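Protein chains in written order, with our numbering: chain A, 46 to 332; chain B, 46 to 332. Here's the structure, in structure tokens; my notes come after.
Protein chains: 2
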Amino acid sequence: MLSQNQIKQITALKVKKYREEFSQFIAEGHKLVMDMIGSSYKIAGIYASADWIVANIILIREKNIPVFETLPREMERLTALSTPSPVLAVVNIPKKKLTVSTLFDHISTLSHQHTSTLSHQHTSTLVLALDDIRDPGNFGTIIRIADWFGINMVLCSESCVDIYNPKVVQATMGSIARVNVITGDLAQTLTTLSGSTTLSGSSGRFPVYGACLDGDSIFSQTLTGHGIILIGNESRGISADLAPLITKKISIPSYGNSFSGKAESLNASIATAIICAEFRRKQIITN
Amino acid sequence: MLSQNQIKQITALKVKKYREEFSQFIAEGHKLVMDMIGSSYKIAGIYASADWIVANIILIREKNIPVFETLPREMERLTALSTPSPVLAVVNIPKKKLTVSTLFDHISTLSHQHTSTLSHQHTSTLVLALDDIRDPGNFGTIIRIADWFGINMVLCSESCVDIYNPKVVQATMGSIARVNVITGDLAQTLTTLSGSTTLSGSSGRFPVYGACLDGDSIFSQTLTGHGIILIGNESRGISADLAPLITKKISIPSYGNSFSGKAESLNASIATAIICAEFRRKQIITN
């Protein structure tokens, strides 16, 4: 049984202000908790049913994670889900600040790993940059897409929904454990990255591909395996201060016919998925 | 001002049972209502603020649609949205029953239209079939994707969430006005369609492409411009009774690297988007 204080503190993590104050967030559900345990995140505590604890005690002891038996009625108070799961983890928020040098380091490491062990698969450094993505479902889904397509660095503007929002964490379906998400000043970072010749090697600058309704078709473009894919806000697109940093505007062609009009746009996560898929498809062909 | 009876009847349309009883559903928001007015759907009534009515009175009179001035506090009772919009339409549900002959007619019409006027763009008859899609957001988003990619026939199993559910209608972002969605016995329909040589012309049978995690990569497949793209349930995939009807299993390759594991799957609407995009891309190249 948990103390009132424990319940109060965990429940508070549903609110951004308290997540920032305590530097913690919650991850719920067996798969997500397992993904978090297997990641570099530090788990502050696991709150679970007796059955769950029994079934997973070896792993928990091995990882030295504090575990607290939680009754169903307590879990109902803790959960941010409509149907509580048997397990919830309180996870420490890592201190990652978006600095250009962190990014350079990360990208160089990636390039090195790819070159040494994965060159037959893909030598690529794709980074996803999200400008003002507000919907938790979209944001989480985009992290899951990045994970699927092997993009493990996602940059976000300060105006994006909080990555540690329980709805975002849930929508990533565990991919938050594998994808590095860094929030910061996008304009400044893109300026530095896109100007770098170190990152892109012989191919010149590190390009910024901006998803825009008036861009050129991704299908007819040369898309390099190095670069930043920039996705804008759900209704307003890429913001005015980032637009000048775009090296190449790209778009997804539509096929609506004139008999019936057509959809005006695609959802931000849908557009991200199609674009990432096309980048990866072109890479298989090139390599 | 509306009568209590009007409010009661419109509010009831949030529930499937009453949508079926009254054969009506609600569409909210300016864009969606405009899309519905411009479609073949019959609008039973429009409920709107005085301002909205003044701004749109010419169109409403021209179309001969009954219109009712609705106060903000009344709209708050009618709406299924978290933030009510200034306009809501009550729309009649068309009597479309999925029969094989309806489908043949529709597909033949489509082929004819494409051949006579759009052959330079795409001569294609793609049909989307949804097996047990339960999430309203996913379902609506898939209709929007179909619209974007010029697929205007979507078949659904009886177990899919109701297309006239307010959350589904909203998630289509107006595409419900342009895409034909027919609910019925998928197994029976797919059996008849895939056996037809009439539909596919010289290319033989009308193929069923089933999205499966163990399918062949869509990028390395020949994908015809004619056929059915079958998408399964969010967690269980394509059901056992439909699996034998698949002509070709297709999948989206992932690029997660061995250092960090990878996402186990993609969301159903994300997978649909990537698959539809690849079908269309291959068509541009072929034509």
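Note that the Cβ used here is the ideal one computed from N, Cα and C, for glycine as well. All values derive from a computational prediction rather than experimental measurement.
The Cβ atoms of S204 (chain B) and L258 (chain B) lie no closer than 8 Å to each other. At a C-beta separation below 8 Å, G182 (chain A) has these neighbours in chain B: G182. In this chain, the alpha helix (DSSP H) harbouring L104 (chain A) covers A95 to K108.
Of all residues in the stretch 211 to 223 of chain B, those with a C-beta nearer than 9 Å to a C-beta of chain A are A216, T217, M218, G219, S220, A222 and R223, reading in chain order.
Using a 10 angstroms sphere on the CB of A95 (chain B), the tally of other CB atoms stays under 16, which defines it as exposed. Shortest Cα-Cα distance from A174 (chain A) to any of A:W193, A:A191, A:I188 and A:L200 involves A:L200. For V135 (chain A), the closest alpha carbon among the candidates A:I152, A:D180, A:Y63 and A:I315 is that of A:Y63. Neighbourhood of I273 (chain A) in chain B, by CB distance below 7 Å: empty, with the nearest CB roughly 17 Å away.
Under the Cβ distance rule, S296 (chain A) does not count among the residues neighbouring chain B, no pair being separated by less than 8 Å. M81 (chain A) sits in a helix when the DSSP states are folded into three classes. Using a CB distance cut-off of 8 Å, D192 (chain B) counts as an interface residue toward chain A. Interface residue (Cβ-Cβ distance to chain A less than 8 Å): R325 (chain B) is classified as such. Secondary structure at S299 (chain B): coil, using DSSP grouped into helix, strand and coil. Between the stretch 259 to 274 of chain B and the stretch 315 to 328 of chain B there are three or more inter-stretch CB-CB distances shorter than 8 Å, so the stretches are counted as touching. For A134 (chain B), not one C-beta of chain A is nearer than 8 Å to its own C-beta. T147 (chain B) and T236 (chain B) have their C-alpha atoms some 15 Å from each other. The alpha-carbon of I190 (chain A) is positioned some 15 Å away from that of I273 (chain A). Residue state for M198 (chain A) is assigned as strand, using DSSP reduced to three classes.
Look at F251 (chain A) here: in three-state DSSP terms it is coil, with no helix or strand label. Against chain A, the CB of F264 (chain B) has a partner CB under 8 Å away; the residue lies at that interface.
The residue from B:K61, B:I55 and B:T56 with its alpha-carbon nearest to that of V206 (chain B) is B:K61. Your pair S84 (chain A) and R223 (chain A) checks out as a contact, with CB atoms roughly 7 Å apart and the cut at 8 Å.
DSSP places G229 (chain A) within a strand segment (E or B) once states are collapsed to three.
Rounded to whole angstroms, G229 (chain A) and A256 (chain A) show a C-alpha spacing of 20 Å. Restricting attention to B:E65, B:A288, B:T267 and B:L268, the CA atom closest to the CA of K141 (chain B) is found in B:E65. In this structure, the beta-carbon distance from G240 (chain B) to A216 (chain B) does not fall below 8 Å. Under DSSP, the beta-bridge partners assigned to K294 (chain A) are A:G255. G240 (chain A) sits in a helix when the DSSP states are folded into three classes.
If the five residues before and after R122 (chain A) are omitted, its C-beta is found closer than 7 Å to the C-beta atoms of I52 and T56, all from its own chain and listed in chain order. When DSSP states are grouped into helix, strand and coil, V136 (chain A) belongs to the strand group. Residue contact with chain A for S130 (chain B): absent (no Cβ-Cβ distance below 8 Å to any residue of chain A). Put simply, of B:A72, B:I152 and B:I98 the residue whose alpha carbon is nearest the alpha carbon of N137 (chain B) is B:A72.
Under the Cβ criterion of 8 Å, S314 (chain A) is counted among the residues facing chain B. For L311 (chain A), the nearest CB of chain B lies under 8 Å from its own CB, placing it at the interface with that chain.
Using a CB distance cut-off of 8 Å, I138 (chain A) does not count as an interface residue toward chain B.
Ranked by Cα distance from I196 (chain B), the first of B:A288, B:M46 and B:F324 is B:F324.
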